[in-house]
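Engineer:
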Amino acid sequence: MTVLVLSVVPWPAPAQSVEVHEATISDLQATMARGDVTAVQLVDAYLARIRAYDQQGPALNAIIRLNPRARDEAAALDAERRTRGPRGPLHGIPVILKDNFDTADLPTSGGSIALASAVPPADAFVVKRLRAAGAIILGKANLHELAAGITTISSLGGQTRNAYDPRRCPGGSSGGTGVAIAASFAAVGWGTDTCGSIRIPAAYGSLFGLRPTQGLVSRSGIIPLSHTQDIAGPLARTVTDLAIALDVTVGPDPADTVTRRLGDRPVPRFVAALSPNALQGARLGVLTNYFADTDGDVARVIRLNVDAMKAQGAQVVDVTIPDLDSLIAGTRAVDLETKFDLLDYLARNPNAPVRSLSEIVARGLHHAALDARFRRADTVSARGGEAHRAVLAKQRLARDRIARVLDSLRLDALVYPTMRQEPALIGQSQAGSTCQLSGGTGLPAVTLPAGFTRAGLPVGLELLGRSWSDERLVALAYAFE
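Residue numbers (my numbering): 1048 to 1528.
1) Of the choices V1226, V1363, T1260, A1376, whose alpha-carbon is the least far from that of A1106?
2) Name the two residues that bound the continuous beta strand (DSSP E) containing G1029.
3) Helix, strand or coil for R1307 per DSSP?
4) For D1342 and T1224, I'd like the C-alpha separation in whole angstroms.
5) So, at 7 Å on beta carbons, what are the nonlocal neighbours of E1518 in its own chain, with the 5 sequence-adjacent residues on each side left out?
6) Going straight from the alpha carbon of E1066 to that of I1473, what length do you get?
7) Starting from the C-beta of R1423, find all residues in its chain whose C-beta is less than 8 Å away, skip the five residues before and the five after it, and write them out in chain order.
8) Using C-beta distances below 6 Å, list every residue in its chain close to K1441, excluding the 5 sequence neighbours before and after it, in chain order.
9) Between the Cα of G1204 and those of R1214, A1161, G1181, R1215, spot the shortest distance and give me the residue it belongs to.
10) Do the stretch 1459-1469 and the stretch 1510-1524 make contact, defined as three or more Cβ pairs closer than 8 Å?
11) Using 10 angstroms around the beta-carbon of V1235, count the other beta-carbons present and answer buried if the total reaches 16, otherwise exposed.
12) Please tell me whether A1346 and G1507 are closer than 7 Å, where the distance is taken between their beta carbons.
13) Rounded to whole angstroms, what's the CA-CA distance from P1464 to A1492? Just pull it up for me.
14) What is the residue span of the beta strand (DSSP E) that R1519 lies within?
15) Expressed to the nearest angstrom, what Euclidean distance is found between the alpha-carbon atoms of A1409 and A1380?
16) I'd like the span of the beta strand (DSSP E) that includes G1507, first residue to last.
17) Could you give the first and the last residue of the continuous beta strand (DSSP E) run that contains Q1362?
18) Pull up the distance between the alpha-carbon of L1053 and that of E1384, whole angstroms please.
19) Please confirm whether any heavy atom of the ligand PLP lies closer than 6 Å to the CB of R1308.
20) Per DSSP, what kind of secondary structure is I1529 in: helix, strand or coil?
21) Need the endpoints of the beta strand (DSSP E) that V1462 sits in, please.
22) A1229 and G1252 - do their beta-carbons sit closer together than 7 Å?
23) DSSP three-state label for P1259, please.
24) Work out the CA separation of R1129 and H1274 for me, nearest whole Å.
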């Protein structure tokens, strides 16, 4: 549905026998089912693109580490396909992980030189699910160090560049994953979202990305930033690919108590819920609060998309939430939790060469751009406390207030720009985030590619819904797509 700048810039295309540029999971499965392509050939084709565009040419710098066993794993999956058939839609599909997902056969660094050699004792829950489904972990992507920002710079991986304009930031903190999928370095990728870290890179890469309801996806085996706000999710070029990725990784995990919130609810089945008619009769509320400070060109693109949704049968109303900024401002738990969440994570990894954020800061094992952020987090003296309880109370208040708005107006979702400003030039600060509306409430939100500004930069449109409305949000995105 989009054409990458990489397709038209004067860098030569890589020599490869298999075309994977913008190929969907279904495309790849169809070619493997016909016997036209093997998983080994897919691995080689994606590696060729990584060499051409990540390591050379525009030097996007999205990949922090490649899996040296990817071809061997692909060969084993090819043999299994021949003798037993495919395990499912991810069988033999190369994928990219943000480098804060534990992998028992590769270091998990969080982008930090402090953890460059830290091989965890076990895979993250999500990674176990992916391997069981037959996915090939092709490599791990750069991220804003320890997921603590939105421009994707780290002491281990350096600065990642936007696939549509390498002079600009890709968003973050899952910026490496976003660029990797936008540039067709793999079919689909996984990131984490504390406050926009899936949705911002997806918006700036013309991708789909879902921040699921807190509790729908396990966080176990992921380097934490904030146990209150962290959640994992996929980034993909199409909604069907997003749904396939979600179906494999959602559901309860005994090792992560937050997934108990799912309770007796059935585990969502995202592919089965996709409907081209989902927008017919849907009620959407355009959140006017988030248009006041929005770049005019970004707002223009969003309004055009809202009109397109109306044309597909959606009922659209303007919504203004009084004092929204002050309501959301007190929901940020990150700085109160990072120090102790990281301490607990490092204690579970006997191979970690450092044991605390305090040690990382004291030894200077971090990028200079993160120094003030990490020092501030390191000043927190104790877990919990009055300040933390106040944040949790504000999160509940904000979640309840948003739910009341949705209920009173009978809305399926609120609509607003994922980012109100274009991607910043590298070295400049990134403005325009709306991330905390979902990040501070735990409510699910999906970002959709909305088109491009006149400068050719991607714009994302976000839909936010009630808790556990993830299926509905993805279905709305599918109908829009």
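No residue lacks a Cβ here, since even glycine has one placed at the ideal position from N, Cα and C.
Structural biologist: The answer reads as follows:
1) V1226
2) No information on residue 1029 is available, as it lies outside the stretch 1048 to 1528 that the chain covers here.
3) Of the three classes helix, strand and coil, the one that applies to R1307 here is helix, per DSSP.
4) Using only the alpha carbons, I get a separation of about 26 Å.
5) P1315, F1317, A1320
6) A straight line joining the alpha-carbon of E1066 with that of I1473 spans about 31 Å.
7) D1382
8) Excluding five sequence positions before and after K1441, the CB atoms of its chain that fall closer than 6 Å to its own CB belong to G1377, T1378, given in chain order.
9) A1161
10) Output reads yes: the stretch 1510-1524 touches the stretch 1459-1469.
11) buried
12) no
13) 12 Å
14) R1519 -> not in any beta strand (DSSP E); alpha helix (DSSP H) instead, spanning 1517-1527.
15) 23 Å
16) 1505-1511
17) 1362-1366
18) Only weak support is given to the placement of L1053: the predicted model assigns it a pLDDT of 36, under 50, and the value that follows is read from those uncertain coordinates. Cα to Cα, L1053 sits roughly 39 Å from E1384.
19) Absence of the ligand PLP from the depicted structure is noted, as is the absence of any ligand whatsoever, leaving it without description.
20) Because the chain in this structure spans residues 1048 to 1528, residue 1529 falls outside the shown range and cannot be described.
21) 1460-1464
22) Yes, the Cβ-Cβ distance between G1252 and A1229 is below 7 Å.
23) coil
24) 43 Å
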